[in-house]
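In full-length UniProt numbering, the protein residues as written are 1 to 83.
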């Protein structure tokens, strides 16, 4: 049986590893939902978009493993200040 995701995860949301002293901020770049399989999020690291990883939405939605972060909003503000 497939496990349900308790929280809504959308493209553009950012997450950090729970309890990390100096966490990397990861942003959801896309979501893959193949029929019959657990949905997965493709993530990019904001500090270096060449760094990528794929996690199930179940793992990403587990607050014992990852917590939401407002990194995307921070990045937009920083880029806006440069304009």
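Ideal placement from N, C-alpha and C gives every residue a C-beta, glycine not left out. If you're wondering where the values come from, they're calculated on a predicted model, not measured in any experiment.
In three-state DSSP terms, what is residue i?
i: residue 92; result: One cannot answer for residue 92 here, as it falls past the ends of the chain, which runs 1 to 83.
i: residue 29; result: strand
Should residue i go down as buried or exposed, given a rule of 16 or more other Cβ atoms within 10 Å for buried?
i: residue 11; result: exposed
i: residue 7; result: exposed
i: residue 70; result: exposed
i: residue 41; result: buried
i: residue 36; result: exposed
Who are residue i's beta bridge partners in DSSP?
i: residue 55; result: 41
i: residue 69; result: 14
Look at residue i and residue j and say whether their C-beta atoms are less than 8 Å apart.
i: residue 16; j: residue 67; result: yes
i: residue 57; j: residue 9; result: yes
Check the C-beta distance from residue i over to residue j and give it rounded, since I have them as a contact under 8 Å.
i: residue 39; j: residue 31; result: 6 Å
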